[in-house]
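Written out below as structure tokens is the structure these notes cover.
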Amino acid sequence: MNIRQENEGDFGAIYALVKKAFETAAMSQGDEQDYVDHIRSGDTYIPELSLVAEKDGHIVGHIMLASTKVRGGNRTHDFLVLAILSVAEEHRRGGLGSALVYVALDRARRMGHRAIFLAGNRDYYSRFGFIPASRYGISFKEDVPAELIDNIMALELVPGSLEGISGIVDL
């Protein structure tokens, strides 16, 4: 298994992987593959933090971190969002998703990023140290049903980086 930065030649395979992976995902809006393309075409795209996992020359996993902001009062803070994690169904439950997350977190930390936000399964992402963003006084800009509020999560890559910061995160 090889984990590397995505390149333009991978975009079609990534689109197909994300679409197929989310057809069988526990939570899906049905347009996650288009969300990936949307991020790539905008100013939040960070190529170094969009990674693929290859096996036998085929892309079987993908993770994308992008830039985001937390806005509170008259202040804006720059952070990251774990925009998407996709693993081909036949490669799930074997540690591939975890490997992608750990490599992405390590790269983000080495690049000097301070914290990451996400909207996702709290049982899954808590294993990486993510906790509900509400504990920091940070919420999502849209109304989130009460039963899902703890699925808006945060991870400090630099301890204390979210201290004193509150507001709304763009996801």
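The numbering of the sequence shown is this note's numbering, which starts it at 1180 and goes up by one.
Every residue gets a Cβ at the ideal spot worked out from N, C-alpha and C, and that includes glycine.
Other residues of its chain near residue i: CB distance less than 6 Å, five sequence neighbours each side excluded
i        : result
Ile-1242 : Leu-1230, Leu-1264, Leu-1279 and Ala-1283
Asn-1181 : Glu-1233
Ile-1331 : Ala-1298, Ala-1312 and Phe-1319
Spatial neighbours of residue i in its chain, beta-carbon cut-off 8 Å, leaving aside the 5 residues before and after
i        : result
Leu-1196 : Ile-1238, Val-1239, Gly-1240, His-1241, Ser-1265 and Ala-1267
Ile-1347 : Val-1249, Arg-1250, Gly-1251, Ile-1317, Ser-1318, Phe-1319 and Lys-1320
Lys-1198 : Glu-1211 and Gln-1212
Per DSSP, the bridge partner or partners of residue i
i        : result
Asn-1181 : Glu-1233
Phe-1319 : Val-1348
Tyr-1224 : Ala-1245
Cut-off 7 Å between Cβ atoms - residues of its own chain near residue i, not counting five sequence neighbours on either side
i        : result
Gly-1316 : Ser-1345
Limits of the beta strand (DSSP E) - the one that residue i falls within
i        : result
Leu-1196 : Premise fails: Leu-1196 lies in the alpha helix (DSSP H), 1190-1202, not in any beta strand (DSSP E).
beta-carbon residue i near the ligand MG non-hydrogen atom, thresh 6 Å
i        : result
Asp-1285 : With respect to the ligand MG, the structure offers nothing, as it holds no ligand at all.
Assumed close pair residue i, residue j - CB separation to whole angstroms, cut-off 8 Å
i        : j        : result
Leu-1350 : Phe-1296 : 6 Å
Asp-1329 : Pro-1311 : 4 Å
Ala-1232 : Leu-1259 : Between Leu-1259 and Ala-1232 the Cβ distance is about 20 Å, and since that is not below 8 Å, they are no contact.
Ser-1340 : Arg-1293 : 4 Å
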